[in-house]
Amino acid sequence: MSLLEIDRLSLQIGNAPILKEVSLTVDPGEILAITGESGSGKSMTALAIMQLLPRGARSTGTIRLSATDLTALPEPELCALRGNEMGMIFQEPMTALNPVHTIGRQVAETIRLHDPTADAEAQARDILTRVGLRPDRFPLSRYPHELSGGQRQRVVIAMAIARHPKLLIADEPTTALDVTTQAQILALLKGLVQDFGMGLILITHDLAVVADIADRIAVMRHGEVVETGPTWHLLRTMQHPYTRMLFEASTHQVNLPAPPPPTPLLQVRNLHRSYRLPRTRLFSPPGQFDAVKGVSFTIMRGERLGLVGESGCGKSTLTRAILGLETPQKGQILLDDTPVGQDPGARRRMQVVFQDPFGSFNPRHRVARLITEPFHLLSAPPTGAARAQAIAEALTAVGLQPDDATRYIHEFSGGQRQRIAIARALIIKPELILFDEAVSALDVSVRAQILDLIADLCRTYGLTYLFVSHDLSVVRSVTDRVMVMQAGEIIEEGLTETVFTNPQHPYTTKLLEAAPKLPDLRMQHSGDGSI
Amino acid sequence: MLRYVLKRLASLVLSLAVASLIIFTLIEVAPGDPASFMLGINAQPETLAALRAELGLDVPKVQRYLNWVGGMLTGDFGTSYTYRTPVSEMVADRIAVSLPLALYALALSILIAFPAGIFAASRRGQAGDLGVMGATQLGVALPNFWFAMMLVLVFAIHLRWFPAGGFAGWDKGLIAGLTSLTLPAIALALPQAAILTRVMRSALLDVLGEDYMRTARAKGLSARQTLWRHGLRNAMIPVLTIIGLQFSFLFAGTIIIEQVFYLPGLGRLIFQSISARDLIVVESVVMLVVFAVILINFFVDLAYAAVDPRLRSRA
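In order, the protein sequence lines correspond to chains A and B.
Take the first sequence: its letters are residues 0 to 530, numbered as in numbering that gives the first Met the number 0.
Take the second sequence: its letters are residues 0 to 314, numbered as in numbering that gives the first Met the number 0.
#1: Could you check if Ile174 (chain B) is buried or exposed, using at least 16 other CB atoms within 10 Å of its CB as the buried criterion?
#2: Mind listing the chain B neighbours of Met158 (chain A)? Cutoff is C-beta to C-beta under 9 Å, in chain order.
#3: Hey, could you find the ends of the alpha helix (DSSP H) Thr109 (chain A) is sitting in?
#4: For the region 271-300 of chain B, which residues have a CB atom closer than 8 Å to at least one CB atom of chain A, in sequence order?
#5: May I ask you to list the residues that DSSP assigns as paired with Ala384 (chain A)?
#6: From the beta carbon of Val238 (chain B), is the nearest beta carbon of chain A less than 8 Å away?
#7: Beta carbons nearer than 8 Å to chain B: which residues of the region 85-100 of chain A have them?
#8: Could you list which residues in chain B have their beta carbon closer than 7 Å to that of Glu108 (chain A), in chain order?
#9: Which residues in chain B have a C-beta closer than 8 Å to the C-beta of Val533 (chain A)? List them in chain order.
#10: Please tell me whether Arg200 (chain B) and Ala120 (chain B) are closer than 8 Å, where the distance is taken between their beta carbons.
#11: Looking at the secondary structure, which residues open and close the alpha helix (DSSP H) in which Ala186 (chain B) lies?
#12: On the DSSP bridge list, what partners appear for Arg371 (chain B)?
#13: Nearest-angstrom Cα distance between Gln150 (chain A) and Leu23 (chain A)?
#14: Which residues, in order along the region 202-213 of chain B, keep a beta-carbon less than 8 Å from a beta-carbon of chain E?
#15: How many whole angstroms separate the CB atoms of Leu264 (chain A) and Leu334 (chain A), which I take to be in contact at a CB cut-off of 8 Å?
#16: For Asn97 (chain A), count neighbouring C-beta atoms within 10 Å of its own C-beta (all shown protein chains included) and say buried if the count is 16 or more, exposed if not.
#17: List the whole-angstrom C-beta distance separating Pro356 (chain A) from Arg416 (chain A), where the pair is believed to meet the contact cut-off of C-beta under 8 Å.
#18: Using a Cβ-Cβ cutoff of 7 Å, what residues of the region 87-121 of chain B are near chain A? List them in chain order.
#19: What does a CB cutoff of less than 8 Å around Val281 (chain B) pick up in its chain, not counting 5 residues either side in sequence?
#20: Quick check: what's the CA-CA separation for Phe89 (chain A) versus Phe166 (chain B)?
#21: Specify the secondary structure class of Pro229 (chain A) as computed by DSSP and reduced to three states.
#22: According to DSSP, simplified to helix, strand and coil, what is Gly528 (chain A)?
#23: As an exercise, report each continuous alpha helix (DSSP H) stretch of at least 4 residues that is fully enclosed by the region 41-71 of chain A, in chain order.
#24: In or out: Leu152 (chain B) buried (at least 16 other Cβ within 10 Å) or exposed?
#25: Going along the region 222-237 of chain B in order, which residues come within less than 7 Å of chain A, judged by CB to CB distance?
#26: Enumerate in chain order the residues of its own chain whose CB-to-CB distance from Leu206 (chain A) is below 7 Å, with the five nearest sequence positions on each side excluded.
#27: Can you round the beta-carbon distance between Gly127 (chain B) and Phe118 (chain B) to whole angstroms, since I take them to be within the 8 Å contact cut?
#28: Kindly indicate which three-state DSSP category Gln224 (chain B) falls into: helix, strand or coil?
#29: For Asp307 (chain B), go through chain A and note every residue whose CB falls closer than 8 Å to its CB, in chain order.
#30: DSSP on His271 (chain A), reduced to helix/strand/coil?
#31: Would you check whether the ligand ZN has a heavy atom nearer than 7 Å to the C-beta of Pro44 (chain B)?
#32: For the beta strand (DSSP E) containing Lys329 (chain A), list its first residue and its last residue.
#33: Going along the chain, which residues of the region 111-123 of chain A sit with their C-beta nearer than 7 Å to a C-beta in chain B?
#34: In the region 460-524 of chain A, which residue ranges form an unbroken beta strand (DSSP E) of at least 3 residues, counting only runs that do not cross its ends?
#35: By Cβ distance, which residues of its chain are closer than 6 Å to Pro138 (chain A), with the 5 residues on each side in sequence left out?
#36: Around the C-beta of Thr507 (chain A), are 16 or more other C-beta atoms found within 10 angstroms, so that it is buried, or is it exposed?
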């Protein structure tokens, strides 16, 4: 008998159907991956198992954990099961811990709650050691803000597994983490499943993450499980068109036009930027954090340059410095031999597209006003018919309708918003665009569309851009040349394909190895002739 | 933590120094000479000069400022122009009423607001929440003197549980003192409690939406345990801010309530001394109030740090 059996679970919030007849099983020691794009119902399935659904949710069907129907249990009995028989890990480690309690107290709380007589502190120490936080380096008295994202996620895992639950649900546990940290956390989860014989439900939007470690995959779309099966079998056969679409979108390659002959556009010379740290003691000199240490590079006209690195490596500081939003202590940034920062004209020639398609627009303005914001950089901004013409042109270029100019931003989906952000960057025909994690928040299918759009724009406008991202596969597909940044320095640069196929620096190698990869199924497909 | 406290202390001293300068300057530039006010418009220039010398008004301004500050540091607040009694004595009498009244009202406000705010937040959108929110709407809208009159009508005139006004004095015992302060404290507390309830409710609702509250539920805590163990402390920062502001108001802004209940408090003293151009009293009382407010803010800052470990390490 399975550990968890979900039988025809349907869920409604208000009148909106969220889940439709979802049936899944998990065996002890098995890793089931649930994958799909945003809104597919992955997280709601997880919350339904935990019976932590939002108010107003109504469900039918059964969820049996070790033969107990969770949907029929009263709340006190569910409380006794949560954290004890089933644990859950959430996506955002930065906010999943209570900021005012120590990590020891938070881990011990799970233990004490279900077994008041236990030596909770000793057990908390053991379990933190098990997840890789040894008490000699990470005492129980640490507060969450004193830990990094990956360390916090380890604490969250420790809380969830402290009572050795039979079922662990991990909802996008590594999405907010860097690739090397992601690899460590996935390895930890896999080890725990083996040690404790737990069933693990791993929810993720990233097929590549699950291809490696899941025993079985369930693909969800619009609240339904469209396909489920053992990992290798599912990836090899891919019966459902949506599964195939997800897979293809994840490995999407765009067709970039050849760059024009190299003439320098932007030159960064020996750039330094450091920040003052707070004093550690009253009269000691304040420390210094060097975010960018002597970075030099050149972007050629028409070139697509990538910048990759993990969080805290200095890529954001560098981006901000190029945009003139940070004043470097040393070094020069020249746009066509004119220093950026002093010359307001230089700002006109550069535009930026940010990561968050939801936070980077003023919700009270219409699209026309939002995308014409860069006009204030022009000495004679177009008015009347010329302005309308420019708006229509920019919206058409990014695949939207000129009529969309009169709508508000909340009427658009995430992908459409990112198109609007690109339209805003394009409208004054800048010579250089900075994409700062511009596709990181998007679903894979939408991401593939935006990457295609960028390639199209390269063909039409001969764009020059700097593409900053932590996602190696995306950078590989949309850049000609790439720079790898670590601890404020560029440690490797070269033609994108060369760096990816033959990395020289050990750190680049480590990054590439840590990045989850989808298996190359094309050869297998032709080999066994199944497709 | 020590660094944080030292930093807050330094800011406290600096704030006091700046405040004393501003108060002194403002009162100096205010029109009206206390000596001529006291003697009337027909006074002889010689008498005026003699009085000015007696009041210490004839020395240069810098000297007067230093004398004033130095005096306050040693507990000597000067002598009232009108009553010819030491200001420190006058002020001490009034503080004996105003400070307990403010603390009493603040305690009532907290005692009402915390349970009411928690109750409303935990029943968001339900009848209980709507009821509490409706009541706080009334509490914010109705002026405190109206409450005062209603309280006198019901509890003093009708039921005769409390006196209708006046202050018995602490020498008659704690109970007698508190009894005469009860109705004014309630009248002062009700509007403050209404505000604090709303702040408490919205701070808690913000916290209830946080990820760590969901984590706590996933550990097996019940909704109520989650609220008490993880919600309350995180909701305290905005609540503490409002409590600090409310104390400042209750300490010196209670003149109407003092008037309604015939209480000899600080508010009335300020009002009387401004009318009488008794600048030395005004200066001293204002400085004292400023001192109290800054001190309260200092304690609020310390409370922030006690509540939130991130503030301790950031300092």
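Backbone N, C-alpha and C define an ideal beta-carbon position, used for all residues, glycine too.
Being a predicted model, the structure only gives us computed values, none of them experimental.
In short:
#1: Exposed is the call here.
#2: What Met158 (chain A) touches in chain B: Thr214, Ala217 and Lys218.
#3: Its alpha helix (DSSP H) spans residues Ile102 to His113.
#4: Flagged: no residues at all.
#5: Beta-bridge pairing links Ala384 (chain A) to no other residue.
#6: Residue-level contact check: Val238 (chain B) does not touch chain A, since none of the beta carbons of chain A fall below 8 Å from its beta carbon.
#7: Answer set for the region 85-100 of chain A: Gly86, Met87, Phe89, Glu91, Thr94, Ala95, Leu96, Asn97, Pro98, Val99 and His100.
#8: Under the 7 Å cutoff, chain B gives Lys218.
#9: Residue coverage of chain A in this structure runs from 0 to 530, which leaves residue 533 (chain A) outside it and unanswerable.
#10: With respect to Ala120 (chain B), Arg200 (chain B) sits close: the two C-beta atoms are nearer than 8 Å.
#11: The continuous alpha helix (DSSP H) containing Ala186 (chain B) extends over residues Leu173 to Leu207.
#12: A query on residue 371 (chain B) cannot be resolved here, the shown segment of chain B reaching from 0 to 314 and no further.
#13: Answer to the nearest angstrom: the Cα atoms are 31 Å apart.
#14: Among the protein chains of the structure shown, namely A and B, there is no chain E.
#15: Contact between Leu264 (chain A) and Leu334 (chain A) holds, with the beta-carbon distance rounding to 7 Å and staying under 8 Å.
#16: Asn97 (chain A) sits buried, since 16 or more C-beta atoms from the chains shown fall within 10 Å of its C-beta.
#17: Indeed, because the Cβ distance is near 4 Å, the residues count as touching under 8 Å.
#18: Going along the region 87-121 of chain B in chain order, one finds no residue with a Cβ nearer than 7 Å to chain A.
#19: Only Ile26, Ile269, Ser272 and Ile273 meet the Cβ criterion.
#20: Cα to Cα, the separation comes out at about 59 Å.
#21: In the structure shown, the three-state DSSP call for Pro229 (chain A) is strand.
#22: Residue placement at Gly528 (chain A) cannot be trusted, given a pLDDT of 39 that sits under 50; what the coordinates show is reported in the next sentence. DSSP places Gly528 (chain A) outside both helix and strand once states are collapsed to three, so it counts as coil.
#23: 41-49, all fully within the region 41-71 of chain A.
#24: Burial call: exposed.
#25: Along the region 222-237 of chain B, the positions whose C-beta sits under 7 Å from a C-beta of chain A are His229, Arg232 and Asn233, read in chain order.
#26: Closer than 7 Å at Cβ, skipping near neighbours: Thr34, Leu245, Phe246, Ser249 and Leu517.
#27: Gly127 (chain B) to Phe118 (chain B), Cβ: 6 Å. Contact.
#28: Annotated three-state conformation of Gln224 (chain B) is helix, per DSSP.
#29: Within chain A, the residues near Asp307 (chain B) are Pro98 and Val99.
#30: It is a strand residue.
#31: Among the components of this structure there are no ligands whatsoever, and the ligand ZN is therefore not found.
#32: According to the DSSP assignment, Lys329 (chain A) belongs to the beta strand (DSSP E) that extends over Lys329 to Leu334.
#33: Answer set for the region 111-123 of chain A: Leu112 and His113.
#34: Considered as a whole, the region 460-524 of chain A harbours 464-468, 480-485 and 488-494 as its complete beta strand (DSSP E) runs of no fewer than 3 residues, in chain order.
#35: Cβ neighbours of Pro138 (chain A) beyond the five flanking positions: none.
#36: Thr507 (chain A) comes out buried.
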